[in-house]
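Trainee: Here it is, the structure, as structure tokens.
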Amino acid sequence: MIAFLVRRIGQSIVVLIGVSIIAFILEHLLPGGPAKAIIGPRATPIQIAAFNHQNGLDKPVVVQYFVYMWHLLQGNLGRSYKLNQTVNSILIRTVPESILLVGSALVFSLIIAIPIGIYQAVKRNGIFDYTATSISFLLYSMPSFWLGIILILFLAVNVHFLPAEAPQGANLGAILAHPSGLVLPILTLTLVSYASFSRYMRSSAIEALAQDWIRTAKAKGLSQRTILFKHMLRNALIPIATLVGLSLPSLITAGVITESVFNFPGTGFVFINAANTEDYSLLLGIIIFVGVLTVVGNLIADIAYAVLDPRVRYR
């Protein structure tokens, strides 16, 4: 297991180096170079030359890359010249808010999807199974922005039951002070995530229930509850563990559209604004951050395989 972790960490480092190279190349492929993209299209040659000299952009490309990597290793993701803030400070302020939004939706969707998926597997090809499957397909096919608008229309505009806009605030405490505004964005992401998790849980549970050791447990006279939750559940959760591990980047990316629909001041909303204002430094900094989360998520998913299924041995 230790050898596997060392190998996977080595592979993750290689992937992160590849991500950094891509981000570095994209930064230098900007029209007019990074200087003109940051200063603006009306930048004079003198201003561009001064900016390049100040930021080391007049040095050889290889030297620039190693300086860029040294900054990344120090945790420096760059600076947003549009907002006059470091990318780190922006992420420190907005990531907790995105974690609150998408993390809550992830937890709620798992709480709902796992028992429903198991019940569908046990009662497959029945009325409940067909109904739940139809609902899952319907939710899975809905774009999150469209589902969010529908929920706003019915629950905020027509019924006036919930606010249409997410709570606004400069920090997490200010947002938590108005919890009713979080209901619709969290509900939107929960419904979309539930559709995916429930389908995987149903398929995994059906496959696990068909195994020989389940038939052996039934032959021993064990109760259905014991069979389902002591023997079957751990093995059926393996695909879900993979999905949850790979969902780490969605703490930033999955909420991009939803945060825009509900005007939620998270990282996704900042990413959209950076794209609209051509704040390339902030965009690339967030991309690097998401790349790190993706690698960490894959590593967690691999570890979860070994934890949930002791038969799995990495050679």
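Here the working numbering runs 3 ahead of the position in the sequence shown, where the first position is 1.
Beta carbons are placed, not taken as given, at the ideal position from N, Cα and C, and that holds for glycine.
Note that the structure is a prediction, hence the values are computed from the model and not measured.
1) Could you check if residue 227 is buried or exposed, using at least 16 other CB atoms within 10 Å of its CB as the buried criterion?
2) Quick one, which of 274, 289, 284 has its alpha-carbon nearest residue 31's?
3) So the candidates are 144, 268, 78, 299; which of them puts its Cα closest to the Cα of residue 175?
4) Taking buried to mean at least 16 other C-beta atoms within 10 Å of its own C-beta, is residue 239 buried or exposed?
5) Given this structure, state the Cα-to-Cα distance separating residue 279 from residue 17, to the nearest angstrom.
6) Using only CA atoms, which one of 37, 215, 130 lies nearest to residue 286?
7) What three-state label does DSSP hand residue 226 in the structure shown?
8) So residue 369 is in the alpha helix (DSSP H); what residue range does that whole segment cover?
9) Taking the C-alpha atoms as reference points, what is the distance between residue 66 and residue 263?
10) If I measure Cβ to Cβ from residue 20 and keep anything under 6 Å in the same chain, skipping five residues before and after, which residues do I get?
11) What first and last residue would you give for the alpha helix (DSSP H) that runs through residue 204?
12) Whose C-beta lies closer than 7 Å to the C-beta of residue 298 among residues of the same chain, with five residues either side of it excluded?
13) Does the region 102 to 118 come into contact with the region 178 to 197, if we say contact requires no fewer than three beta-carbon pairs (one atom in each stretch) closer than 8 Å?
14) Given a threshold of 16 other Cβ atoms within 10 Å of its Cβ, counted over all protein chains shown, does residue 133 qualify as buried or as exposed?
15) Starting from residue 155, trace the alpha helix (DSSP H) both ways and give me its first and last residue.
16) Considering only residues of the same chain and omitting the five flanking positions on each side of residue 55, which have a CB-CB separation below 7 Å?
17) Measure the alpha-carbon distance for residue 33 versus residue 40 and round it to whole angstroms.
18) Tell me the residue span of the alpha helix (DSSP H) that contains residue 53.
19) Relative to the C-alpha of residue 294, which residue among 276, 307, 250, 272 is closest?
20) In this structure, how does DSSP classify residue 89 when only helix, strand and coil are distinguished?
21) When DSSP labels each residue in this structure, what does residue 32 get in the three-state scheme?
22) What number of angstroms, rounded off, separates the C-alpha of residue 57 from the C-alpha of residue 10?
Mentor: A quick look at the data gives this:
1) The residue is exposed, with fewer than 16 neighbouring Cβ atoms inside 10 Å.
2) 284
3) Nearest to residue 175 by alpha-carbon distance, out of 144, 268, 78, 299, is 268.
4) buried
5) The alpha-carbon of residue 279 is positioned some 32 Å away from that of residue 17.
6) 37
7) coil
8) The question about residue 369 has no answer here: the residues shown for the chain are numbered 4 through 318.
9) Straight-line Cα distance between these residues: approximately 39 Å.
10) none
11) For residue 204, the uninterrupted alpha helix (DSSP H) run begins and ends at 186 to 212, by DSSP.
12) 15, 18, 19
13) A contact exists between the region 102 to 118 and the region 178 to 197.
14) exposed
15) Counting along the chain, residue 155 falls outside any alpha helix (DSSP H), and DSSP gives it neither H nor E.
16) 38, 61
17) 7 Å
18) 48 to 57
19) 250
20) strand
21) coil
22) 40 Å
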